[in-house]
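Engineer: The structure follows.
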C-alpha cells in the first residue's frame, strides 16, 4: 500500500513539474532589424537584452514613463522599472548577436510556476549598449504592436512550450519604442536605435571643478604680479 501511495505521489509530482515550461526564442535571421546606438553605429556583440513585461502599461504608445537623458542609465532603469511595473522574464537575458551581426537573438527559459503571471502579457525587450545595466550609457525599450507572430507571452504549460519571435520586418509589421526610450527608424528596414544618457555631473564634481578653476586663476595672477 505504501509503495502504491509513494508511486502515486511521485507521478503527481512529475506531472506537476512537467506542467510548466515557457521558452522565449528570438530568431536573429539575416533579414532581422539591426540594433544601433544613438550615433547609428552597430552595437557590439553580447550587449545585454532583457525580456519582460510592464504591468502598468496598457498601451505601449502611451507608457506611464519616459526616458530622461539628464539621468544615468542606471537611474533611468530604476525609475522606469518602478513606474512601468517591470518584471524580468527568466534569470538571464538575450544578447546582441555576432553572426548575423547587430541583431537580437537567443533563448530565455522559465519552466517554473513563477512564469505564470506572464501568460498572455505583452512582451518587451530592453536593450543596452553594454553587457550590464550599470556599464551602459544607452538603452531602448521595444515591442511589436502588430505582427504575424504577436509579441505576447505564451501560456506557461508543457515541457517544451517554446515560442519564437522575430524583429524581421516581414514578420513584424509594426514596432514601437516605448516611453521615448529609443526609436524605430521610419523607413527602410526600420532599425532599432537606442537613446543616450548625458547625466549632469554630481554637485561635488561641480564644486571641485569650480575650486580647481579658481586655484588656476590665482596662480596666473601671482605669476603676472611676479613678472
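Numbering (our numbering), first residue to last: 7 to 233.
All C-beta atoms, glycine included, are put in the ideal place defined by N, C-alpha and C.
Predicted model, so just to flag it, every value in this text is computed and none were measured.
1. What residue does the beta strand (DSSP E) around residue 112 start on, and which one ends it?
2. Assign residue 94 to one of three DSSP states: helix, strand, or coil.
3. Quick check on the burial criterion: 16 or more other C-beta atoms within 10 angstroms. Buried or exposed for residue 174?
4. Using CA coordinates, which residue listed in 63, 87, 133 and 182 is at the minimum distance from residue 111?
5. For residue 35, tell me which candidate among 62, 105 and 90 has the shortest Cα-Cα distance.
6. In chain order, what residues of the same chain lie with their CB nearer than 6 Å to the CB of residue 94, ignoring the 5 residues before and after it?
7. Run the CB neighbour count on residue 203, radius 10 Å, all protein chains shown included, and call it buried at 16 or more, exposed below.
8. Thinking C-beta only, is residue 137 closer than 8 Å to residue 53?
9. Relative to the alpha-carbon of residue 109, which residue among 205, 27, 50 and 66 has its alpha-carbon at the smallest distance?
10. Can you grab the Cα-Cα spacing for the pair residue 159 / residue 46, in whole Å?
11. For residue 69, count neighbouring Cβ atoms within 10 angstroms of its own Cβ and tell me buried if that reaches 16, exposed if not.
12. On the three-state DSSP scale, how would you describe residue 67?
13. Which value, in whole angstroms, describes the spacing of the CA atoms of residue 144 and residue 118?
14. I think residue 29 touches residue 103, with their Cβ atoms under 8 Å apart; what is that distance to the nearest whole Å?
15. Buried or exposed for residue 211, please, with buried defined as at least 16 other CB atoms from any protein chain shown within 10 angstroms of its CB.
16. Span of the beta strand (DSSP E) holding residue 132?
17. Does DSSP put residue 185 in a helix, a strand or coil?
18. On the DSSP bridge list, what partners appear for residue 47?
19. DSSP state of residue 212, grouped into three classes?
20. In three-state DSSP terms, what is residue 168?
21. Quick test of your reading: residue 41 and residue 198, contact by CB under 8 Å. State the CB separation rounded to the nearest angstrom.
22. Just to confirm, is the Cβ distance from residue 187 to residue 66 under 8 Å?
Structural biologist: So, from the listed chains and residues:
1. Against the chain shown, residue 112 aligns to sequence position 106. Run containing residue 112: 107-116, per the beta strand (DSSP E) assignment.
2. Indexing the chain shown from 1 puts residue 94 at position 88. If DSSP states are grouped into helix, strand and coil, residue 94 belongs with the strands.
3. Position 168 of the chain shown, counting from 1, holds the residue named residue 174. Buried.
4. On the chain shown, position 105 is the one that residue 111 refers to. Measuring C-alpha to C-alpha distances from residue 111 to each of 63, 87, 133 and 182 identifies 133 as the nearest.
5. By 1-based counting over the chain shown, the position of residue 35 is 29. Looking at the Cα atoms, 105 is the closest of the given residues.
6. To locate residue 94, count along the chain shown from 1; it is residue 88. Result list for residue 94: 56 and 58, in chain order.
7. Taking the first residue of the chain shown as 1, we reach residue 203 at position 197. Buried, by the Cβ-count rule.
8. As a working note, residue 53 is residue 47 in the chain shown. As a working note, residue 137 is residue 131 in the chain shown. Taking C-beta atoms as the reference points, residue 53 and residue 137 count as a pair closer than 8 Å.
9. Counting from 1 along the chain shown, the entry for residue 109 is found at position 103. Measuring C-alpha to C-alpha distances from residue 109 to each of 205, 27, 50 and 66 identifies 50 as the nearest.
10. Reading the chain shown from its first residue, position 153 is the one you call residue 159. Reading the chain shown from its first residue, position 40 is the one you call residue 46. Between the alpha carbons of residue 159 and residue 46 lies a distance of about 30 Å.
11. Translated into the one-based positions of the chain shown, residue 69 becomes position 63. Classification of residue 69: buried, given that the 10 Å Cβ count is 16 or more.
12. One-based indexing of the chain shown puts residue 67 at position 61. The answer is helix: DSSP assigns residue 67 an H, G or I state.
13. Here the question's residue 144 lines up with position 138 in the chain shown. Here the question's residue 118 lines up with position 112 in the chain shown. Near 32 Å, if we compare the C-alpha coordinates of residue 118 and residue 144.
14. Stepping through the chain shown from its first residue, residue 29 is reached at position 23. Stepping through the chain shown from its first residue, residue 103 is reached at position 97. The beta-carbon distance between residue 29 and residue 103, rounded to whole angstroms, is 18 Å. This is too long to meet the 8 Å contact definition.
15. Taking the chain shown and counting its residues from 1, the one referred to as residue 211 is at position 205. Low confidence applies to residue 211: its pLDDT is 44, below 50, so where it sits in the model is not reliable, and the reading given next is rough at best. Counting Cβ neighbours within 10 Å, residue 211 comes out exposed, since fewer than 16 surround it.
16. Taking the chain shown and counting its residues from 1, one reaches residue 132 at position 126. In this chain, the beta strand (DSSP E) harbouring residue 132 covers 130-134.
17. As a first step, residue 185 is located in the chain shown; it is residue number 179 there, counting from the start. Note: residue 185 maps to helix in three-state DSSP.
18. Position 41 of the chain shown, counted from the start, is the residue given in the question as residue 47. For residue 47, DSSP records no beta bridge to any residue.
19. For the purposes of this step, residue 212 is taken as residue 206 along the chain shown, with counting starting at 1. Its pLDDT being 41, under 50, residue 212 is placed unreliably by the model, and the measurement read from it follows with that caveat. Looking at residue 212 - three-state DSSP - the assignment turns out to be helix.
20. Locating residue 168 in the chain shown gives position 162, where the first residue counts as 1. When DSSP states are grouped into helix, strand and coil, residue 168 belongs to the strand group.
21. Reading the chain shown from its first residue, position 35 is the one you call residue 41. Reading the chain shown from its first residue, position 192 is the one you call residue 198. Your pair residue 41 and residue 198 checks out as a contact, with CB atoms roughly 5 Å apart and the cut at 8 Å.
22. In the chain shown, the residue the question calls residue 187 occupies position 181. In the chain shown, the residue the question calls residue 66 occupies position 60. Contact flag unset, no.
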